[in-house]
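Notes follow the structure.
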Amino acid sequence: MFTFTLRRLLIAIPTLLIISLVIFLLLEAAPGDPLGEVPLTVPPEVKARMREALGLNSPWYVRYLLWLKQFFWVEPVHLWDALFGTSYGEGMQRVISFQSRQPVMQIIAERLPQTLIVVGLAYVVGVLIALPIGIISAYRQYSWFDNIGTFISMIGFSVPTFFTGVVLIIVFAVKLQWFPSVYDTTLQVTDWASFKAQIRQMVMPVTVLALYNAAQISRFMRASMLDNLGQDYVRTARAKGLTEKVVVLIHVLRNSLIPVVTVIALGVPTIFGGAIITEQVFKVNGLGQQLILSIHANDMPMVMTLTFIFAILIVLFNLVADLLYGILDPRIRYD
Amino acid sequence: MTETEKAPAAAQTTGASLSYRPPRSQWWDVWDQFKTHKGALIGLTIFVLILATILIGPILWTIEPTYVDLRARNQGFSMEHPFGTDQLGRDILSRMMAGGKVSISVGMTAMALSILLGTTIGVLAGYFRRLEGPLMRLTDLFLALPLLPLLLLMVTLFRDPLSKSFGPESGIFLLIVSAIGATSWMQTARIVRGEVLGLKEREFVLAARSIGTPSRRMITRHVLPNVLSPIMVSATLGIASAIITESALSFLGLGFPPDFPTWGRLLFDAVDQMQLYPSRVILPGVAISLTVLSVNYIGDGLRDALDPRIRGR
């Protein structure tokens, strides 16, 4: 297991390097000009100086290597400084956003909590809904519960989140006025009233995403339970005289959860990626919304860093899923 | 694939026991099994209806989707305009039909591209051992890419040069189709590779090789027909996800230009006025959802129908 982990980590390094190069070259190939937003009244020599200050004059491989150094060396050093109050990173150039002139990581750190709270909560709620639905659907296959559950999960991943979001806004925010339609990003939770306001504005985005996640996971759960319910060991367990509850909830459930847990792990990167669309619909100021803003503004360092962080998370959680599979399922041995 | 191999044999034996049935191809069996899946049948009906409306509708309903009638702005449902008109007085029914044509053709073309890529890479990786390593590394690499951000990026970055060289409409069409196709072939490639690896061990492949069949003919004659069913299933599901992706791009304002309606674009344009005119949001949204839902059900039914372990029971 240890050698497997080590080998996978070693493979991950070139993978990530290639991905970062791909993203960088894609941005490089683009005709967009980061100075496109600068007013036309700015004289050309000032513009040239600005280009130089942004480091746009050097060839692409120099800038790529510089970005790599900043991302893998300067940023961790600054993180260390921020955590332990040291000042090793002084004088080192961090990754700076073209748009706001702030360090990219600072913006990400500001926006991460919103994304984690809203999208993360939606993921947890989605999993908590999906598991019981999947279990009951499989146990009572082709019953009315199963039929309705299957239909709803089919709807859940056929209806795009921007449409469910907009429908919820029309029904609950415009017609019934139960919840605010736009996420108030300036709200500070200080007392009971503001906590209630925070909950109220989170209800709709969380519902939309939870439904979408639940639809996917409950299908996996159902299929996995069905696979296991027909196994010989289930018959044996029943023949031993175990109660139905023990058979289903202990024997079958534990075995069925193995693939489901890995599916859940594989979905975690999307939490950080922030459901881009849902954040856009409800105007949540998370990472996904930042990505869209930066893409529109040609803010290359921001886009590059954000996309690369998403890529790291995907690679990381792929590994986690594989490892979980090996830990949970004794039939799988990686060595 | 084992299943499709057994299928004709199974059909023959049942044919013999029921005596004197005229010979029939396995596609009739597939269709018979497909018919027993109620959801798939309803899905197929709805999808055909939507297609018919989109293709035949504009011939019967002759108002141009771009015709601006400023005297008839923001009208509700009426005989003259069944779905009302928008803020420029354009007829929403004809815009919906025009939008559906674009949305569905984007879905189909992107699916075709992704299936072509996926099948080629899958077959090559499964059949030629030397190519397997690099091609599967490539697939893993693509699976590790954050796809939606990259799609957004590609569409934003390349929309201007492409619309300059191919015209605004076909340029964006090309861009969106190739972007979606290039980011969605990986599942197909993996499935096809797995199937091909299994096929290669079978006796009929060995027999074909022993009489000196060249690789090209092995692939076109023996391998491809046998991996057809998983490809068909992933093609169907691919249409659904391509339609969703296109409408999501349009919804984020990164899809087709404003005067060129697609369902996602219509929804995006209507969001600003959803408090006053909710129907303009609901109509394209329902159209997208219904199409995707019916296509997904067709895919579900097709998966069951093409699986001979289920078929005939």
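Protein chains in written order, with this note's numbering: chain P, -11 to 323; chain G, 8 to 320. Glycine residues also receive a C-beta, built at the ideal position from the N, C-alpha and C atoms.
Between the CA atoms of residue j and residue i - distance to the nearest angstrom
i                : j                : result
Val162 (chain G) : Ile183 (chain G) : 7 Å
Tyr111 (chain P) : Ile187 (chain P) : 16 Å
Leu100 (chain P) : Leu279 (chain P) : 12 Å
Trp68 (chain G)  : Phe165 (chain G) : 35 Å
Val234 (chain P) : Gln40 (chain G)  : 37 Å
Met8 (chain G)   : Leu154 (chain G) : With a pLDDT of only 41 at Met8 (chain G), under the threshold of 50, the placement of this residue in the model should not be trusted; the figure read from the coordinates follows. Taking the straight line joining both Cα atoms gives about 30 Å.
Leu157 (chain G) : Trp166 (chain P) : 36 Å
Met142 (chain P) : Phe12 (chain P)  : 38 Å
Leu148 (chain G) : Thr127 (chain G) : 17 Å
Leu288 (chain G) : Thr269 (chain G) : The question names Leu, but residue 288 (chain G) is Val in the sequence shown. Going from the Cα of Val288 (chain G) to the Cα of Thr269 (chain G) covers about 13 Å.
Val269 (chain P) : Gly153 (chain P) : 7 Å
Leu5 (chain P)   : Met143 (chain G) : 17 Å
Ala157 (chain P) : Asn303 (chain G) : Contrary to the premise, residue 157 (chain P) reads as Ile rather than Ala in this sequence. Looking at the two C-alpha atoms, the distance is approximately 26 Å.
Arg223 (chain G) : Arg216 (chain G) : 11 Å
Ile283 (chain P) : Val92 (chain P)  : 14 Å
Met103 (chain G) : Val155 (chain P) : 18 Å
Phe54 (chain G)  : Ala198 (chain P) : 28 Å
Leu297 (chain G) : Gln277 (chain P) : 28 Å
Ile251 (chain G) : Val130 (chain G) : 27 Å
Ala117 (chain G) : Ala186 (chain G) : 8 Å
Thr258 (chain P) : Ile198 (chain G) : 23 Å
Met312 (chain G) : Gly188 (chain G) : Checking the sequence shown, residue 312 (chain G) turns out to be Ala, not Met. Going by the C-alpha atoms only, they are around 26 Å apart.
Glu139 (chain G) : Glu208 (chain G) : 16 Å
Ser301 (chain G) : Arg242 (chain P) : 34 Å
Partner residues on chain P for residue i, Cβ-Cβ distance less than 9 Å
i                : result
Thr116 (chain G) : Chain P residues near Thr116 (chain G): none, gap ~19 Å exceeds 9 Å.
Closer than 9 Å at the beta carbon, the chain G residues around residue i
i                : result
Met93 (chain P)  : Here the premise fails: no neighbours, minimum Cβ distance about 17 Å.
Ala265 (chain P) : As written in the sequence, residue 265 (chain P) is Ile, which differs from the Ala given in the question. By Cβ distance, chain G contributes Leu155, Ala255, Phe258, Leu259.
Thr3 (chain P)   : Arg144, Asp147, Leu148, Ala151
Thr295 (chain P) : Leu152, Pro153, Pro156, Leu157, Leu160
is_contact[residue i, chain P] using C-beta, thresh 8 Å
i                : result
Met239 (chain G) : no
Gly292 (chain G) : yes
Gln40 (chain G)  : no
Met104 (chain G) : no
Ile57 (chain G)  : no
Ile305 (chain G) : no
Val299 (chain G) : yes
Leu123 (chain G) : no
Gln194 (chain G) : no
Met281 (chain G) : yes
Val37 (chain G)  : no
Asp311 (chain G) : no
Leu51 (chain G)  : no
Leu169 (chain G) : no
Val75 (chain G)  : no
Leu182 (chain G) : no
Residue-chain proximity (residue i, chain G), Cβ-Cβ < 8 Å
i                 : result
Val147 (chain P)  : yes
Val291 (chain P)  : yes
Thr(-7) (chain P) : no
Leu44 (chain P)   : no
Ile252 (chain P)  : no
Ile280 (chain P)  : yes
Neighbour list for residue i in chain G, Cβ cutoff strictly below 8 Å
i                : result
Ala299 (chain P) : Ala151, Leu152, Pro153
Gln87 (chain P)  : Correct list: empty, because the minimum Cβ distance to chain G is about 14 Å.
Val7 (chain P)   : Rather than Val, the amino acid found at residue 7 (chain P) in this sequence is Ile. By Cβ distance, chain G contributes Leu148, Ala151, Leu152.
Leu14 (chain P)  : Leu157, Leu160, Met161, Leu164
Per-residue contacts from residue i into chain G (C-beta, under 7 Å)
i                  : result
Met(-11) (chain P) : The contacting residues do not exist; Met(-11) (chain P) stays about 21 Å from chain G at best.
Ile283 (chain P)   : Leu159, Leu160, Thr163
Gln268 (chain P)   : Leu259
Thr(-2) (chain P)  : Per the sequence shown, residue -2 (chain P) should be read as Leu rather than Thr. Correct list: empty, because the minimum Cβ distance to chain G is about 14 Å.
7 Å Cβ cut-off: residues of chain P touching residue i
i                : result
Pro175 (chain G) : None at all; the shortest Cβ gap to chain P is about 16 Å.
Val278 (chain G) : Val154
Proximal chain P residues relative to residue i, where beta-carbon distance stays under 8 Å
i                : result
Ser296 (chain G) : Ile143, Ser146, Val147, Pro148, Phe151
Val130 (chain G) : The contacting residues do not exist; Val130 (chain G) stays about 24 Å from chain P at best.
Pro285 (chain G) : Ile158, Val162
Could you list the residues in the segment 302 to 322 of chain P with a C-beta less than 8 Å from some C-beta on chain G, going in chain order? Ile302, Val303, Asn306
Contacting positions in the segment 141 to 161 of chain G - beta carbon closer than 9 Å to chain P: Arg144, Asp147, Leu148, Leu150, Ala151, Leu152, Pro153, Leu155, Pro156, Leu157, Leu159, Leu160, Met161
Report the residues of the segment 150 to 168 of chain P with a CB closer than 8 Å to any CB of chain G, ordered along the chain. Residues Phe150, Phe151, Val154, Val155, Ile157, Ile158, Val162.
Residues, ordered as in the chain, of the segment 242 to 254 of chain G that lie near chain P by beta-carbon distance below 8 Å: Ala247, Ile251, Ser254
Mind pulling the beta strand (DSSP E) runs of 3 or more residues that sit fully within the segment 177 to 208 of chain G? Listed in chain order, there is nothing to give.
For the segment 131 to 143 of chain P, list every residue whose C-beta sits within 7 Å of some C-beta in chain G, in sequence order. Met142, Ile143
Which runs of the alpha helix (DSSP H) fall wholly inside the segment 243 to 310 of chain P and span at least 4 residues, in chain order? 264 to 270, 275 to 284
Give, in chain order, every residue of the segment 187 to 214 of chain P whose Cβ lies closer than 9 Å to some Cβ of chain G. none
Which complete alpha helix (DSSP H) runs does the segment 86 to 154 of chain P hold, if anything under 4 residues is left out? 92 to 103, 109 to 127, 132 to 146
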